[in-house]
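Position 71 of the sequence shown, counting from 1, maps to 85 under the numbering used here, and the rest follow consecutively. For glycine and all other residues, C-beta sits at the position ideal for the given N, C-alpha and C. Note that the structure is predicted; figures quoted are calculated from it, not measured.
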Amino acid sequence: MAGRFVPRPTRTTTRGGDMDGPGGGPALLDLRLTLGPLRRGPYDPTFRVTGDGEIWRATRTPEGPGTLRVRAVDGTEAEADTYGPGAAWLDAHLPALLGAEDDPTAFVPRHRLVLAAHRRRPGLRLTRTGLVLESLIPTVLEQKVTTTEAYGSWRDLVRRYGEPAPGPAPEGMYVMPDARTWARIPSWEWHRANVDDKRAATIVRAARVAPRLEEAARMDPPAARARLELIPGIGPWTSAETVQRSNGAPDEVTTGDLHLPGIIGWALARDRTADDAAMLELLAPYAGQRHRAARLILLSGHTPPRRAPRFAPNDITRI
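Next up, the structure:
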């Protein structure tokens, strides 16, 4: 199947530049910024960016595995092709995936740094996948480990237990396993993938109630997070990171993160020691859009200077 998506104009694009306002021309759409949060590392087998700028995404829909190929048209529209049993579902949900349900005009920058980041990225939209488990599982894998470890575990498990992406997808792309398969992965295979017992048990528990968790994609973000946090091992950090993607939630800011409070504190108040409470206070002027504000701050690149070496990845496979 094939489809085309045209984004709504934003306040940024209507203010000037080479784009017109409502009724006068299309708004910008940056596919890489919009879909980037769905990529789990440079070698994610479910996500690929080709040399000509096309984005390929392999996913498991309620109707089965599917592959999406999407490309920008003049920076203002997107054309897409979908393949596999899940093609119709992907086609129907393409607008939401590319930010049709996001309203960037509700965002008003309150800090000079945020304003600059907002103006530099008028094509940013918040994606809404409508799928919970595919965001929840790699987020659980990222709990209390380095991203390098988590990305490696996700890559190994998807390649080992998933299936090749349908359609003419680039070589090496896979659809993640279904919930039943996740729940049946033996303990020694989790260990082999460098996943400790606690994270593995959390994923297994979630997979066993996957239909109930997938209902959260149709809930308001706070209710969706509450549903996810009923699972032992899923707390505020994991639920926020998941719902930001599955529900396109502009206000669900991540708490409990090792680095984010310091980054927000440094960018907005030159306070590298900020904790969650201080971060939330700084983001209070963006109520309703706190996640978007945090995302723009991260994209600005204004991070505090390092005072300690990076954490070294652990490898439990040798134990």
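With DSSP as the reference, identify every bridge partner of residue 79, one or two as the case may be. 74
Between residue 292 and the ligand MG, is the CB less than 7 angstroms from at least one heavy atom? Questions concerning the ligand MG fall outside what the structure shown contains, since it holds no ligand whatsoever.
Given that a residue counts as buried once 16 or more other Cβ atoms are within 10 Å of its Cβ, and exposed if not, what is residue 87? exposed
As an exercise, report each continuous alpha helix (DSSP H) stretch of at least 4 residues that is fully enclosed by the segment 254-317, in chain order. Secondary structure remark: continuous alpha helix (DSSP H) runs of at least 4 residues inside the segment 254-317, in chain order: 274-283, 290-297 and 304-314.
What's the C-alpha gap between residue 63 and residue 189? 16 angstroms
DSSP three-state call for residue 327: helix, strand or coil? coil
Is residue 95 helix, strand or coil when you go by DSSP? The answer is strand: DSSP assigns residue 95 an E or B state.
Leaving aside the five residues before and after residue 68 along the sequence, list all residues of the same chain whose C-beta is less than 8 angstroms from its C-beta, in chain order. 83, 84 and 85
Is residue 148 helix, strand or coil by DSSP? helix
Straight-line Cα distance separating residue 186 from residue 178: 7 angstroms
Under three-state DSSP, which class holds residue 175? helix
Can you give me the Cβ contacts of residue 224 inside the same chain, cut-off strictly under 7 angstroms, excluding the 5 residues immediately before and after it? 147 and 193
Could you check which residue in 183, 221 and 184 has the C-alpha nearest to that of residue 198? 221
Per DSSP, the bridge partner or partners of residue 61: Beta bridge pairing from DSSP links residue 61 with 71.
If you count every other CB in all the chains shown that lies within 10 Å of the CB of residue 116, and 16 or more means buried, which is it? buried
Would you call the segment 282-290 in contact with the segment 158-171, where contact means no fewer than 3 C-beta pairs closer than 8 angstroms? no
Compute the Euclidean distance between the alpha carbons of residue 46 and residue 89, then round it to the nearest angstrom. Residue 46 and residue 89: Cα-Cα distance of roughly 11 angstroms.
Within a Cβ cutoff of 7 angstroms, which residues of the same chain sit near residue 255, ignoring the five residues on either side of it in sequence? If we look at residue 255 and ignore the five residues flanking it on each side, its Cβ neighbours are 153 and 268.
Here's the rule: buried if 16 or more other CB atoms are within 10 angstroms of the residue's CB, otherwise exposed. What is residue 329? exposed
Alpha carbon to alpha carbon, what distance is there between residue 219 and residue 264? 28 angstroms
Considering only their Cβ atoms, is the gap separating residue 129 from residue 136 smaller than 8 angstroms? The answer is no: Cβ separation not under 8 angstroms.
Taking only the alpha-carbon atoms, compute the straight-line gap between residue 161 and residue 107 and give it to the nearest angstrom. 29 angstroms
Determine the DSSP secondary structure at residue 85, reduced to helix, strand or coil. strand
Looking only at its own chain, which residues have a Cβ that is under 8 angstroms from the Cβ of residue 311, when we skip the five neighbours before and after it? 127, 128, 131, 277, 278, 281 and 282
What residues match up with residue 189 in a beta bridge as DSSP calls it? 177
Whose C-beta lies closer than 8 angstroms to the C-beta of residue 201 among residues of the same chain, with five residues either side of it excluded? 211 and 214
Cα-Cα separation, residue 232 to residue 316: 35 angstroms
My parser needs the alpha helix (DSSP H) runs of 4 or more residues fully inside the segment 226-250; what are they? 235-242
Could you check what DSSP says for residue 217 in three-state terms: helix, strand or coil? helix
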